[in-house]
Amino acid sequence: MSDLPAALSFLGVQEPIERAAVVVLPVPYDLTTTYQPGARFGPRALLTASLNVELFDEELRWDPSRVGIHTLEPLEPLAVGPQAMVPLIREQVEEIFLAGKFPIVLGGDHSVSIGALEALARRWENPWVLQIDAHADLREEYQGSPFSHACVMARARESFPCVQVGVRSWSAEEDAALWERPERVILAREAEEDPEAAAERLLSVLGDPVYLTIDLDGLDPSILPATGTPEPGGLRWFTLTHLLRRVAESRHVVGCDVTELSPIPGFIAPDFLAARLVLKVISYVFHRRHQGGG
Ligand SMILES: [Mn+2]
Numbered sequence: 003m004s005d006l007p008a009a010l011s012f013l014g015v016q017e018p019i020e021r022a023a024v025v026v027l028p029v030p031y032d033l034t035t036t037y038q039p040g041a042r043f044g045p046r047a048l049l050t051a052s053l054n055v056e057l058f059d060e061e062l063r064w065d066p067s068r069v070g071i072h073t074l075e076p077l078e079p080l081a082v083g084p085q086a087m088v089p090l091i092r093e094q095v096e097e098i099f100l101a102g103k104f105p106i107v108l109g110g111d112h113s114v115s116i117g118a119l120e121a122l123a124r125r126w127e128n129p130w131v132l133q134i135d136a137h138a139d140l141r142e143e144y145q146g147s148p149f150s151h152a153c154v155m156a157r158a159r160e161s162f163p164c165v166q167v168g169v170r171s172w173s174a175e176e177d178a179a180l181w182e183r184p185e186r187v188i189l190a191r192e193a194e195e196d197p198e199a200a201a202e203r204l205l206s207v208l209g210d211p212v213y214l215t216i217d218l219d220g221l222d223p224s225i226l227p228a229t230g231t232p233e234p235g236g237l238r239w240f241t242l243t244h245l246l247r248r249v250a251e252s253r254h255v256v257g258c259d260v261t262e263l264s265p266i267p268g269f270i271a272p273d274f275l276a277a278r279l280v281l282k283v284i285s286y287v288f289h290r291r292h293q294g295g296g
């Protein structure tokens, strides 16, 4: 693991890795993107935007960067396909888990989650996966690959119980699989109509510990248009942050990935949102531990 210059580290801070609680792994890979490619530029745009993010969390009123954040060098993409990327990502994330640290994988397209989830299966006993996404991602295979972004949750459900939040687009093929356990699905519409009720329902089904996989297209395209397959009717900022805060307050969140930022040149708001969301996750997850809580 080699270091990045401070200019390309998350928030522009770079704690030595031994002392960091959070390790950020940029994976600029998007070769399974089906509509608008460009998620390969996501990590760089997010990291660049993060240099201007206010470190102080106005909500919990503390500076979450104090937990120590270290950003690794971006994982070099392999053109041979997602299957070759999976073990590379798995090894790096497993190393972060084994060091007792909190991994944050920055995609790249959503297929980068597959390697991270394999590391999760090796490191944690019976973890749950909480997916934020517009799409069900439950195809058995897509365009000849079972490791496509469109198959991420089909792979995840082979190993973990999963709850899917923000969903509003799926195929006929995925429909039956999605509704196998309706209590584990919170549609975007439901979350938007009553964020508090949605949070209560989420907490009534979600186990512990929890890994978060955030496909940014779960958010509404009015605030996050910079993504490969935008879908109308998504989550708003306060809906999503409320859900994440409630989860982090009551569950052990062990890691996360944030994928599918496909920057629009000259339009920085989505990049900034993504950077702020990563800092919110760190704030919510570590605030309790920092206060001496569980
Ligand atoms: Mn998606």
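According to our numbering, the stretch in the sequence shown is residues 3 to 296, in order. All residues carry an ideal CB built from backbone N, CA and C; glycine is no exception.
Provide the residue(s) that pair with P28 in DSSP beta bridges, ordered along the chain. Start at 1 with the first residue of the sequence shown, and residue 28 comes out as number 26. Answer is L108.
Helix, strand or coil: which one does DSSP assign to L208? The count along the sequence shown starts at 1 and reaches residue 208 at position 206. DSSP, reduced to helix, strand and coil, places L208 outside both helices and strands of the structure shown, so it counts as coil.
Verify the contact flag: A136, CB atom, against every heavy atom of ligand 1, threshold strictly below 7 angstroms. Taking the sequence shown and counting its residues from 1, the one referred to as residue 136 is at position 134. Yes.
Comparing the CB of E175 with every heavy atom of ligand 1, is any distance shorter than 7 angstroms? Residue numbering aside, residue 175 sits at position 173 when the sequence shown is read from its first letter. Flag unset: Cβ of E175 not near ligand 1.
Find out if the Cβ-Cβ distance for the pair G117, V82 is shorter than 8 angstroms. Sequence index remark: in the sequence shown, residue 117 carries index 115 (1-based). Sequence index remark: in the sequence shown, residue 82 carries index 80 (1-based). No.
I91, DSSP secondary structure in three states: Here residue 91 corresponds to residue number 89 of the sequence shown, with the count starting at 1. When DSSP states are grouped into helix, strand and coil, I91 belongs to the helix group.
Would you be able to state if there are at least three C-beta pairs under 8 angstroms between the region 58-71 and the region 13-32? Short answer: they touch.
Where V256 sits in the DSSP three-state scheme: Taking the first residue of the sequence shown as position 1, residue 256 is located at position 254. Looking at V256 - three-state DSSP - the assignment turns out to be strand.
Taking the Cβ atom as the reference point for each residue, do V29 and L77 lie within a distance shorter than 8 angstroms? Mapped onto the sequence shown, residue 29 falls at position 27. Mapped onto the sequence shown, residue 77 falls at position 75. Yes, the Cβ-Cβ distance between V29 and L77 is below 8 angstroms.
Taking 7 angstroms as the line, does the beta carbon of E262 fall inside it for any heavy atom of ligand 1? To locate residue 262, count along the sequence shown from 1; it is residue 260. Indeed, a heavy atom of ligand 1 lies less than 7 angstroms from the Cβ.
Among D32, V167, R203, D210, the one whose alpha carbon lies nearest that of P45: Start at 1 with the first residue of the sequence shown, and residue 45 comes out as number 43. Closest by alpha carbon: D32.
What three-state label does DSSP hand S171 in the structure shown? Within the sequence shown, residue 171 is the residue found at index 169, counting from 1. In the structure shown, S171 adopts extended strand secondary structure according to DSSP, grouped into three states.
Is any heavy atom of ligand 1 found at a distance shorter than 7 angstroms from the C-beta of D217? What you label residue 217 is simply residue 215 of the sequence shown in a count that begins at 1. Answer for D217: yes, Cβ within range of ligand 1.
With three or more C-beta pairs closer than 8 angstroms as the rule, is the region 129-143 touching the region 203-215? With a cut-off of 8 angstroms on Cβ pairs, the region 203-215 is in contact with the region 129-143, counting three or more such pairs.
Same chain only: Cβ atoms within 8 angstroms of L180, ignoring 5 sequence neighbours per side: Taking the first residue of the sequence shown as position 1, residue 180 is located at position 178. Here the set comprises A138, L140, Q166, V169, W172, V187.
Under 8 angstroms between C-beta atoms, does G220 make it to chain D? Looking for chain D here will not work: only one protein chain is present.
Could you tell me if D177 is buried or exposed, where buried requires 16 or more neighbouring beta carbons within 10 angstroms of its beta carbon? In the sequence shown, the residue the question calls residue 177 occupies position 175. D177 is exposed by the Cβ-count criterion.
When the Cα atoms are used, what is the spatial distance from F149 to H112? As a working mapping, residue 149 is identified with position 147 in the sequence shown. As a working mapping, residue 112 is identified with position 110 in the sequence shown. Near 10 angstroms, if we compare the C-alpha coordinates of H112 and F149.
The beta strand (DSSP E) with I188 in it runs from where to where? What you label residue 188 is simply residue 186 of the sequence shown in a count that begins at 1. Looking at the DSSP string, the run of the beta strand (DSSP E) that includes I188 is 187-189.
When we look at the beta-carbon of L281 and count the other beta-carbons within 10 Å, is it buried (16 or more) or exposed? Within the sequence shown, numbered from 1, the residue matching residue 281 stands at position 279. Buried, because 16 or more other Cβ atoms sit within 10 Å of the Cβ of L281.
Please state if the CB of L189 and the CB of V249 are separated by a distance shorter than 8 angstroms. Here residue 249 refers to the residue found at position 247 of the sequence shown. Here residue 189 refers to the residue found at position 187 of the sequence shown. No, they are not a contact pair.
Where S11 sits in the DSSP three-state scheme: For the purposes of this step, residue 11 is taken as residue 9 along the sequence shown, with counting starting at 1. Three-state DSSP puts S11 in coil, outside helix and strand.
Considering L122, what are the terminal residues of the beta strand (DSSP E) in which it resides? As a first step, residue 122 is located in the sequence shown; it is residue number 120 there, counting from the start. Looking at the DSSP string, L122 is not in any beta strand (DSSP E); the run it does join, the alpha helix (DSSP H), is 114-125.
Simplified DSSP state of S4, which is helix, strand or coil: The residue given as residue 4 occupies position 2 in the sequence shown. Unreliable positioning characterises S4 in this predicted model, as indicated by a pLDDT of 49, which lies under 50. A coordinate reading is not provided.
Can A47 and L263 be called in contact, C-beta distance under 8 angstroms? Translated into positions along the sequence shown, residue 47 becomes position 45. Translated into positions along the sequence shown, residue 263 becomes position 261. Yes, the Cβ-Cβ distance between A47 and L263 is below 8 angstroms.
Which one of L245, K103, E93 has the shortest CA to CA distance from G257? Residue numbering aside, residue 257 sits at position 255 when the sequence shown is read from its first letter. Closest option to G257, Cα to Cα, is K103.
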